[in-house]
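S.K.: So the sequence shown is numbered by our numbering: it starts at 38 and just counts up by one.
Just so it is clear, CB atoms sit at the ideal spot from N, CA and C, and this is done for glycine as well.
Mind having a look at this structure? Questions to follow.
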Amino acid sequence: MNRPAFSVRSAHQFLPLWLCVLMALAAAGCGRDEPNDPPVATPSFAIERNRVAIGSPVELRYRFDVAPDANIDGDYWVFVHVLDPGGEQLWTDDHEPAVPTSQWKPGQTVEYARKVFVPNYPYIGEAVVRLGLYSQESGRRLALSAQEASRREYVVGRFQILPQSENIFLIDKAGWHPVEVAPDNPSSEWKWTRDRAVVSFRNPKRDATFYLQYDARVDQFNRPQQVTIRLGDEVIGSFTADAEDPTLLTFPIAAAQLGTREMAEISIHVDKTFKPTAGDTRDLGIPSADRLEG
C-alpha cells in the first residue's frame, strides 16, 4: 500500500550504522518475497447487476487473459476480497479457478462465473473488489497486469450494497437447527435442516425464485440423500444431494403457483438424516442457506 511521503528532524541528522544495515537487510528480504516477475495474466471482474441487496444471490464473473509468455509453476487459488472504500474486509470469495492454473496456456482466456449470496454483513454502500493468485502451500502471489492496491492484490471492480429490505424476508417456521458461523469467516453462515424444514413468507403475488445453497455430507451415506422442495403441497423441484462443495440451486415459482393467499410456505424434505457424533444427538439433514427473490 502506498504511504504518504514524510520527513523527520531531530538532534541527530544521521541514522546509526547498525540501523542502516537492518533497514538494508529488510529491503533485501522484501525483494526476495516479491521478485520482479512479469505478469502472468490480466484479470477482469463483472457482476450481473451493480446494485445488490444484502442476502441476495448474485453472479460474479471472472476472467483471466493469460500473458503470451506466461509460465505458471503450479496450481494457484484465486483470492477475492470485497472491502469497503476504507479497506475494511466485508467478505471473501476465495476459490479454485475453473481451469487449474497449471493448465493455463500462453494467450488463453480463462472465463467462468460463480453464483454467491451477498453475506449478512452490517454495511451499506460502495464495495471494492480486489483479487489475486496465491499458493495455498507457500503463500506466494503471482504478478498480474492490473491496478495494484497492495502486495500483488489488484482492484478489479466496484458495486453498491443495498439494505436487506430489498429481498423477500423468509421466516424459519419449523425443522431448523440454530445458525452456525465459520470461525475463520464470520460472514459465512449456514443452518442444518432436520428431515423437514419449513420457511414462510409474505406472498409477493408475482413470479419469484427460491435459491438454496447447500453442501452434503456424502461420507455419511451409502447413497446420496434425496431432497424435495415443495411450495405448500406442490413439488417445485428435487435433487440428489451429492455436492461436497457449496452449490447454489434455483427453483422458479410462477405467480399463479403462489395464488392469492397472504402468506406462503416452502418446505425442504430430506429422505434421510444422520447424527454427527456419539455426543451430538441432533438429526441433521443438509446444511443450507436460502433466499427468495421476486
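Would you identify the three-state DSSP class for Leu285, choosing helix, strand or coil?
M.R.: strand
S.K.: When the Cα atoms are used, what is the spatial distance from Arg177 to Ile208?
M.R.: Taking the straight line from one Cα to the other gives about 44 Å.
S.K.: Roughly how many whole angstroms lie between the Cα atoms of Gln145 and Ala104?
M.R.: 8 Å
S.K.: Any idea what DSSP makes of Thr265, helix, strand or coil?
M.R.: strand
S.K.: Of the choices Val136, Trp128 and Lys152, whose alpha-carbon is the least far from that of Ile84?
M.R.: Lys152
S.K.: The alpha helix (DSSP H) spanning Ala292 covers which residue range?
M.R.: Counting along the chain, the alpha helix (DSSP H) containing Ala292 begins and ends at Ala292 to Leu295.
S.K.: Assuming Leu199 is part of the beta strand (DSSP E), what are its boundary residues?
M.R.: Glu190 to Leu199
S.K.: Do Pro75 and Asp106 come within 8 Å of each other at the CB atom, strictly closer than that value?
M.R.: yes
S.K.: Can you tell which of Val235, Ser139, Trp213 and Lys242 has the C-alpha that lies nearest to the C-alpha of Lys228?
M.R.: Cα-wise, what sits closest to Lys228 is Trp213.
S.K.: State buried or exposed for Phe238, treating a residue as buried only when at least 16 other CB atoms are found within 10 Å of its CB.
M.R.: buried
S.K.: Taking the CB atoms as reference points, tell me whether Ala78 and Leu181 lie closer together than 8 Å.
M.R.: yes
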